[in-house]
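> For any residue, its number in our numbering is found by taking its place in the sequence shown, counting from 1, and adding 331.
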Amino acid sequence: MSVRAVAVQLPSLEGLPLRDALDRVEKATTGLTDVDLVVLPEMWAPGYFAFDDYARFAESADDIRSFLAGLARRLDTHLHGGSFVEQRGNDLFNTSVLIDPGGEEIAVYSKIHLFGYGSREPEVLTPGTEPTVVDTSLGRVGMAVCYDLRFPEQFRLMTDMGAEMFLVASAWPHPRVHAWSTLLRARALENQAYLVAANGVGPTGSGPTLCGHSAIVDPWGTPIASAGDEPANVEAEIELESVGEVRNRFRQLADRRILSSSKPELLFGRPSERPLRITVTRSAIAGYTGRDTEAVARYVAKLEEEGIAAPDSIPAVFYCGADRVVAHDVIDVAGGETCGEVEFVLLVTDEGLHVTVGSDHTDRALETKSIALSKQVVPKVVARTAWRFEEVADHWDQLILQSWVGEERRPYQETGVDFFLPPDEILGLAGASPGTVVFGGTVSSLGGGFDFDPFFEGRLTDPVLDRHISFRYRTRRLEES
Numbered sequence: 332m333s334v335r336a337v338a339v340q341l342p343s344l345e346g347l348p349l350r351d352a353l354d355r356v357e358k359a360t361t362g363l364t365d366v367d368l369v370v371l372p373e374m375w376a377p378g379y380f381a382f383d384d385y386a387r388f389a390e391s392a393d394d395i396r397s398f399l400a401g402l403a404r405r406l407d408t409h410l411h412g413g414s415f416v417e418q419r420g421n422d423l424f425n426t427s428v429l430i431d432p433g434g435e436e437i438a439v440y441s442k443i444h445l446f447g448y449g450s451r452e453p454e455v456l457t458p459g460t461e462p463t464v465v466d467t468s469l470g471r472v473g474m475a476v477c478y479d480l481r482f483p484e485q486f487r488l489m490t491d492m493g494a495e496m497f498l499v500a501s502a503w504p505h506p507r508v509h510a511w512s513t514l515l516r517a518r519a520l521e522n523q524a525y526l527v528a529a530n531g532v533g534p535t536g537s538g539p540t541l542c543g544h545s546a547i548v549d550p551w552g553t554p555i556a557s558a559g560d561e562p563a564n565v566e567a568e569i570e571l572e573s574v575g576e577v578r579n580r581f582r583q584l585a586d587r588r589i590l591s592s593s594k595p596e597l598l599f600g601r602p603s604e605r606p607l608r609i610t611v612t613r614s615a616i617a618g619y620t621g622r623d624t625e626a627v628a629r630y631v632a633k634l635e636e637e638g639i640a641a642p643d644s645i646p647a648v649f650y651c652g653a654d655r656v657v658a659h660d661v662i663d664v665a666g667g668e669t670c671g672e673v674e675f676v677l678l679v680t681d682e683g684l685h686v687t688v689g690s691d692h693t694d695r696a697l698e699t700k701s702i703a704l705s706k707q708v709v710p711k712v713v714a715r716t717a718w719r720f721e722e723v724a725d726h727w728d729q730l731i732l733q734s735w736v737g738e739e740r741r742p743y744q745e746t747g748v749d750f751f752l753p754p755d756e757i758l759g760l761a762g763a764s765p766g767t768v769v770f771g772g773t774v775s776s777l778g779g780g781f782d783f784d785p786f787f788e789g790r791l792t793d794p795v796l797d798r799h800i801s802f803r804y805r806t807r808r809l810e811e812s
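#1: Residues in the same chain with beta-carbon distance under 8 Å from Gly401, minus the five sequence neighbours each way, listed in chain order, please.
#2: According to DSSP, which residues form a beta bridge with Thr535?
#3: How should Asp725 be labelled, buried or exposed, when 16 other C-beta atoms within 10 angstroms of its C-beta is the threshold for buried?
#4: Would Asp728 and Val708 qualify as a contact pair, given that the criterion is a beta-carbon distance under 7 Å?
#5: Once DSSP output is grouped into helix, strand and coil, what is the label at Ser414?
#6: Could you tell me the alpha carbon to alpha carbon distance between Thr792 and Glu745, rounded to whole angstroms?
#7: Where Phe424 and Glu635 are concerned, what is the direct C-alpha to C-alpha distance, given to the nearest angstrom?
#8: Unbroken alpha helix (DSSP H) runs of length 4 or more, entirely within the stretch 483 to 531: which are they?
#9: How many angstroms separate the CA atom of Asp797 from the CA atom of Ser734?
#10: Is Tyr379 helix, strand or coil when you go by DSSP?
#11: Classify Ser812: buried if its beta carbon has 16 or more other beta carbons within 10 angstroms, exposed otherwise.
#12: Could you give the distance in angstroms between the alpha-carbon of Asp491 and the alpha-carbon of Arg481?
#13: Along the chain, which unbroken stretches of the alpha helix (DSSP H) at least 4 residues long are found entirely within the stretch 578 to 644?
#14: Determine the direct distance from the alpha carbon of Thr806 to that of Gln666, and round the result to whole angstroms.
#15: What would DSSP say about Ser333, mapped onto helix, strand or coil?
#16: With respect to the alpha helix (DSSP H) encompassing Ala386, which residues constitute its N-terminal and C-terminal limits?
#17: Among Lys706, Glu698, Glu682 and Ile702, which one has its Cα closest to the Cα of Glu721?
#18: Beta-carbon separation of Leu302 and Ala352 under 7 Å?
#19: What is the DSSP secondary structure of Ser812, reduced to helix, strand or coil?
#20: Below 7 Å CB to CB, which residues in the same chain sit around Tyr804 once its five sequence neighbours on both sides are set aside?
#21: Since Thr620 contacts Leu752 with CB under 8 Å, what's their CB separation in whole angstroms?
#22: Would you give the residue range spanned by the alpha helix (DSSP H) that Ile443 belongs to?
#23: Residues in its own chain within less than 8 Å of Arg622 by CB, not counting five upstream and five downstream?
#24: Which residue's Cα is closest to the Cα of Leu526: Pro534, Leu514, Pro646 and Ser537?
#25: Could you tell me which uninterrupted beta strand (DSSP E) segments, each at least 3 residues in length, are contained entirely in the stretch 775 to 808, listed from first to last along the chain?
#26: My assumption, with CB atoms under 8 Å, is that Ala376 sits in contact with Phe388. Please give the rounded CB distance.
#27: Taking DSSP as the reference, what is the three-state secondary structure of Phe396?
#28: Going by other Cβ atoms of all chains shown within 10 Å of its Cβ, with 16 needed for buried, is Gly762 buried or exposed?
#29: Just how far apart, CA to CA, sit Met332 and Phe675?
#30: Please list, in chain order, all residues of the same chain as Leu684 whose beta carbon is under 6 Å from its beta carbon, the five residues on each side excluded.
#31: Keeping to the same chain, check which residues put their C-beta closer than 7 Å to that of Asp354; ignore five residues upstream and five downstream.
#32: To which residues of the same chain is Ala696 closer than 7 Å at the C-beta, ignoring the five residues directly before and after it?
#33: Three or more beta-carbon pairs under 8 Å between the stretch 377 to 397 and the stretch 568 to 586, yes or no?
#34: Have a look at Glu390 and Arg605 and give me their C-alpha separation to the nearest angstrom.
#35: Secondary structure at Gly401, three-state DSSP: helix, strand or coil?
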């Protein structure tokens, strides 16, 4: 099938009212006829570097969506709308939509990798969590945004999900134009897929100049159409049937050998340094670890009211399989009486002690019969970021744990970590050999009971260094999966 694709290289529209920005997009696409696919750049409104305007423009997300749907109908084409700011709950996202020629939204993607090198994007936005691949009448398409290009695993995952073509919206700046061109070719070449990339171009007003050079790249990694550093429409014919032909002729994907450890591994981002990789050899759940013995006694009494017997000794440590510790956005559970509880998590590694935040998700019905078994049957969720313990050691007792439940984020738990035994005492209970992951203990909910809502969010806040680690996930009952 032959696909006529167009990447629209727009100048910066920063500072324009939304109506004027929409008019500019309309004008840039006027005259496009007999095209099957149009791709717009990232954050054409309000402009990528206009971070102070993000929240205000998020209020217009529905208007932007409506405009894009109308534009797709008028052009009678599939339209990748670049990206715009969208608010979901209390969070802002860098969101892209793919719309079919009838104006129907067929795919949504929120940018997973937020750019922090001289950019406020991680400060203002929340990262997406899932790659997007969708079947269209053109073929199977994957979506990405700008900085995602630097993460080949995202594109490989989309390839494993069947993508034959990648659509990339971007606001890539000078002076990194050579990196831009190289990464476009690499992502197409290594995955033997077409790639259509629309970049902004020219001065932005509040940030660096965008480098342009939008391109359409074939499965051999060869650009078949490209632009320079002026506004332009980049057009090319894409023969999607050739993707299968290329993959069958040069069988690099079929020849790939999957390299993985036989032991469970976790990967954590760390501020300003390479990620932390830990091969998990032991997982320990410390319980009843409050410094205030009277408060612990009250907590034990509350659990006994719920039918959960006290352990033989307090504080207590329960062990579960190393593979039980995950960083998933969705976990499977067997019943309806399971819930999370926020805890600080100590990571004992060859690079020293680190701390993150997690949830000792527990089957409460099973807990009335066996606490140890209830710890084993449900995954334990951790965040994807960690801090070196030495960075917080001198103000450890000022850290704060919080959790919320439900899509509307109802406050569920809150405590200072000074409620719990110090980390060295907890490690003394649980063991401190490299590869050990230790959950440090939790507190009662604000309401005093359990909430079995499937949505859970936790956070560890460092008020001294003004930062936090957050995670969120939902449960899926096995009969629903």
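By construction, the Cβ of each residue, glycine as well, lies at the ideal position given by its N, Cα and C atoms.
In this text, all values refer to a predicted model and were calculated from it rather than measured experimentally.
Based on what the coordinates show:
#1: The answer, listed in chain order, is Gly434.
#2: According to DSSP, which records beta bridges pairwise, Thr535 is partnered with nothing at all.
#3: Its Cβ having fewer than 16 others within 10 Å, Asp725 is exposed.
#4: Annotated as distal: Asp728 and Val708, with beta-carbon spacing of 7 Å or more.
#5: coil
#6: 11 Å
#7: 43 Å
#8: 483 to 491 and 508 to 522
#9: 18 Å
#10: coil
#11: With a pLDDT of 47 at Ser812, under the threshold of 50, the modelled position of this residue cannot be trusted; read the value that follows with caution. Classification of Ser812: exposed, given that the 10 Å Cβ count is below 16.
#12: 18 Å
#13: With a minimum length of 4 residues, the unbroken runs of alpha helix (DSSP H) contained wholly in the stretch 578 to 644 fall at 624 to 636.
#14: Here residue 666 is Gly; the residue named in the question, Gln, does not match the sequence. Answer to the nearest angstrom: the Cα atoms are 10 Å apart.
#15: strand
#16: Residues Tyr385 to Ala389.
#17: The residue from Lys706, Glu698, Glu682 and Ile702 with its alpha-carbon nearest to that of Glu721 is Glu682.
#18: In the structure as shown, the chain begins at 332 and stops at 812. Residue 302 is therefore absent and cannot be evaluated.
#19: In this prediction, Ser812 has a pLDDT of 47, which is less than 50 and means its spatial position is unreliable; what the coordinates show is noted afterwards. DSSP places Ser812 in coil when its eight states are reduced to three.
#20: His659, Asp660, Val661, Ile662, Val712 and Phe787
#21: 5 Å
#22: Counting along the chain, Ile443 falls outside any alpha helix (DSSP H), and DSSP gives it neither H nor E.
#23: Asp749, Phe750, Phe751 and Leu752
#24: Looking at the Cα atoms, Leu514 is the closest of the given residues.
#25: 786 to 793 and 798 to 808
#26: 6 Å
#27: According to the sequence shown, residue 396 is Arg rather than Phe. Arg396: helix per DSSP, three-state reduction.
#28: exposed
#29: 53 Å
#30: Phe720
#31: none
#32: Gly666 and Glu668
#33: Verdict: no, contact absent.
#34: 36 Å
#35: Here Gly401 sits in helix by DSSP.
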